[in-house]
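The structure appears right after this line, and notes come after that.
Numbering (our numbering), first residue to last: 22 to 300.
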């Protein structure tokens, strides 16, 4: 189904028991779509409902080119979704950029967040994003991944089986996110809308959320929070360590890269199932 907010239509999907507590799941990107979190995230829909949506300018929520798609618009959309759901306070489960979106939403609307579950969240400051970009580029240039890319180019698979070629090319394009790049074959393929992605990062600029968290600590309580972060994530786990100290969150480190739902599904589910509200 779709939901109308702020003059645009957002694609949504809800799964799980209708009578259980509702958790809003925020996908990454920016500019991606919710279904690359599937099927693993759906395993959390026991005793609760999961509400997914494709954020503006991504997936099945396209917008006209003149429509702004920066981070402030994403925060405003989430606020409008809260109102449409009839909820005073939200439990948010944010992955990657979605984790940063959850934090930005909390800073803008602290009274409307009940609980935060952050999975592999994007860095809380520009310096961490810069470290991620350098580390991801280093991994993608590794001899192992380069050999796999060369083998694919010379395999003739593009002509024999274009869909299989595209699938393999996707796997290699995201290989640097994983502790073991062979696990990329288990990730549901996705695409990123480049305009949306660029608009979000341009709007954030050389951001640093740490002063805002320190200032907020004296004015309102932080929500109960849990962070799950891979010890081999190209996004530095140091960012989540610092965040956990700032907001009093519990940090769970898993021996994975950036995709714990793919790389360690059982541990991922256990880490969040015990934390998210349920009947």
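Backbone N, C-alpha and C fix where the C-beta goes; we use that ideal spot for every residue, glycine too.
heavy atom of the ligand ADP below 6 Å from residue i C-beta
i, result
"residue 102", "What this structure holds is no ligand at all, so the ligand ADP is not there to describe."
Beta-carbon spacing of residue i, residue j below 7 Å
i, j, result
"residue 70", "residue 137", "no"
"residue 32", "residue 82", "yes"
"residue 63", "residue 36", "yes"
"residue 54", "residue 73", "no"
"residue 149", "residue 279", "no"
"residue 156", "residue 255", "yes"
"residue 78", "residue 209", "no"
"residue 123", "residue 115", "yes"
"residue 272", "residue 234", "no"
"residue 27", "residue 101", "yes"
"residue 84", "residue 111", "no"
"residue 173", "residue 189", "yes"
"residue 44", "residue 297", "yes"
"residue 91", "residue 269", "no"
Collapsed DSSP secondary structure at residue i in the structure displayed
i, result
"residue 32", "strand"
"residue 11", "This structure does not reach residue 11, given that the chain is present from 22 up to 300, and the question cannot be answered."
"residue 65", "helix"
"residue 47", "strand"
"residue 72", "strand"
Contacting residues, own chain, Cβ-Cβ under 8 Å from residue i (five flanking each side not counted)
i, result
"residue 170", "193"
"residue 89", "220"
When the options are compared against residue i, the one with the closest alpha-carbon
i, options, result
"residue 300", "179, 162, 68, 200", "68"
"residue 94", "52, 107, 172", "52"
"residue 118", "140, 106, 183", "140"
"residue 248", "264, 240, 239, 236", "264"
"residue 49", "58, 107, 43, 42", "58"
"residue 38", "24, 46, 65, 47", "65"
"residue 244", "281, 294, 130", "130"
"residue 120", "232, 260, 29", "260"
"residue 285", "187, 42, 207, 184", "207"
"residue 163", "128, 200, 215, 143", "200"
"residue 103", "143, 269, 47", "47"
"residue 213", "191, 238, 295", "191"
"residue 241", "86, 80, 128, 87", "128"
"residue 86", "215, 236, 295", "215"
Other residues of its chain near residue i: CB distance less than 6 Å, five sequence neighbours each side excluded
i, result
"residue 196", "166, 202, 205"
"residue 126", "96, 99"
"residue 290", "64"
"residue 23", "30, 32"
"residue 42", "69, 298"
7 Å CB neighbourhood of residue i in its chain, flanking five on each side removed
i, result
"residue 147", "227, 228, 229"
"residue 176", "none"
"residue 274", "250, 252, 258"
"residue 34", "55, 73"
**OP:** Enumerate, from N- to C-terminal direction, the unbroken alpha helix (DSSP H) stretches of 4 or more residues contained entirely within the region 149 to 198.
**Re:** 164 to 174, 178 to 181, 183 to 194
Subject >> Minimum length 3: unbroken beta strand (DSSP E) runs contained in the region 77 to 148 >> reply: 111 to 116, 134 to 140
Subject >> In chain order, each beta strand (DSSP E) run of at least 3 residues that lies wholly inside the region 210 to 294 >> reply: 245 to 251, 271 to 275
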